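Peer 1: My questions all concern the structure below.
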Ligand code: SF4
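Residue numbers (our numbering): 296 to 517.
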């Protein structure tokens, strides 16, 4: 149910599940004092938010590109999972993999400015990093804690201690810290064709090791 539709039908209470920038959109509405009716509705009806861990998302054209790389019709791609590499499941259940470095060229440039890996403004952050069949879960607010405990008490969830999965914690810390190195401003990322001409397609490295990296004398003045 789209939020706009839920608002028109005054449907609530709702939980919102989204990547961190989508959760931020909800929080901005909840804290805005510009359109009071909308803000009031968001505050009253969106009672829980889940932030899905996110390093970047990809453009629509990336699906076409993936099809080319694996030499399959893009329409046959059923599922794409990213776990250090891109794991593609086709509708005939065949699984193919592609290097993340290659696929990252089709990341949305807007993600370059994003500093939030772990859904920092959500009530609960969650993702599958480094885990097989389990979800790494971070309870971030009192409301998130209450919801999680209620689900646990009702038998909807099974838990294991974090200490069982040191790799998950390592990745969480690393990926969160990596994201903080992104540059939120200025939004001057050249478009895909321009970066192609510059020979620097990956938006993740454009401002770190690519042509947009600060020159030595710029760093000295910061
Ligand atoms: S990396 Fe991109 S898709 Fe993910 S939260 Fe940030 S802006 Fe949104």
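Think of the CB as a built atom: it goes at the ideal place given N, C-alpha and C, for glycine as much as any other residue.
Bear in mind the structure is a predicted one, so any value in this text is a computation, not a measurement.
Residue range of the beta strand (DSSP E) that residue 344 falls in?
Peer 2: Numbered from 1 along the chain shown, position 49 holds the residue referred to as residue 344. Counting along the chain, the beta strand (DSSP E) containing residue 344 begins and ends at 341-347.
Peer 1: For residue 428 and chain B, any beta-carbon pair shorter than 8 Å?
Peer 2: Looking at the structure shown, chain B is missing, and only one protein chain is on hand.
Peer 1: Looking only at its own chain, which residues have a Cβ that is under 8 Å from the Cβ of residue 438, when we skip the five neighbours before and after it?
Peer 2: To locate residue 438, count along the chain shown from 1; it is residue 143. So the qualifying residues of the chain are 342, 343 and 418.
Peer 1: Does the pairing of the region 406-425 with the region 465-473 give three or more beta-carbon distances under 8 Å?
Peer 2: Contact holds: three or more Cβ-Cβ distances are below 8 Å.
Peer 1: For the beta strand (DSSP E) containing residue 431, list its first residue and its last residue.
Peer 2: Position 136 of the chain shown, counting from 1, holds the residue named residue 431. Per DSSP, residue 431 belongs to the beta strand (DSSP E) from 431-434.
Peer 1: Along the chain, where does the beta strand (DSSP E) that runs through residue 391 open and close?
Peer 2: As a first step, residue 391 must be located in the chain shown, where it is residue number 96. Counting along the chain, the beta strand (DSSP E) containing residue 391 begins and ends at 390-394.
Peer 1: Can you give me the Cβ contacts of residue 319 inside the same chain, cut-off strictly under 7 Å, excluding the 5 residues immediately before and after it?
Peer 2: Start at 1 with the first residue of the chain shown, and residue 319 comes out as number 24. Correct list, in chain order: 416.
Peer 1: Below 8 Å, how does it come out for the region 397-410 and the region 344-357: are there three or more Cβ pairs, yes or no?
Peer 2: The answer is yes - the region 344-357 touches the region 397-410, with three or more Cβ pairs under 8 Å.
Peer 1: Whose C-beta lies closer than 7 Å to the C-beta of residue 484 among residues of the same chain, with five residues either side of it excluded?
Peer 2: In the chain shown, residue 484 corresponds to position 189, counting from 1. These residues qualify, in order along the chain: 404, 407, 498 and 501.
Peer 1: Going along the chain, which residues of its own chain have a beta-carbon closer than 6 Å to the beta-carbon of residue 515, five neighbours each way excluded?
Peer 2: Within the chain shown, the letter at position 220 stands for residue 515. Below a pLDDT of 50, predicted positions are generally treated as unreliable, and residue 515, at 44, falls in that range; the measurement from the model is reported next regardless. Around residue 515: no qualifying Cβ.
Peer 1: Excluding the 5 residues flanking residue 369 on each side, which residues of the same chain have their C-beta closer than 6 Å to its C-beta?
Peer 2: Position 74 of the chain shown, counted from the start, is the residue given in the question as residue 369. Around residue 369: 358, 359 and 362.
Peer 1: At a cut-off of 7 Å, would you count residue 405 as near the ligand SF4, judging by its Cβ distance to the nearest heavy atom?
Peer 2: Locating residue 405 in the chain shown gives position 110, where the first residue counts as 1. Under cutoff, so the answer is yes.
Peer 1: Rounded to a whole number of angstroms, what is the C-alpha to C-alpha distance between residue 397 and residue 380?
Peer 2: Taking the first residue of the chain shown as 1, we reach residue 397 at position 102. Taking the first residue of the chain shown as 1, we reach residue 380 at position 85. One C-alpha to the other measures close to 9 Å.
Peer 1: By the DSSP assignment, the alpha helix (DSSP H) with residue 518 in it spans what residues?
Peer 2: Outside the shown range of the chain, which is 296 to 517, sits residue 518, and nothing can be said about it.
Peer 1: Is the region 420-433 in contact with the region 460-470, if contact means three or more CB pairs nearer than 8 Å?
Peer 2: The region 420-433 is in contact with the region 460-470.
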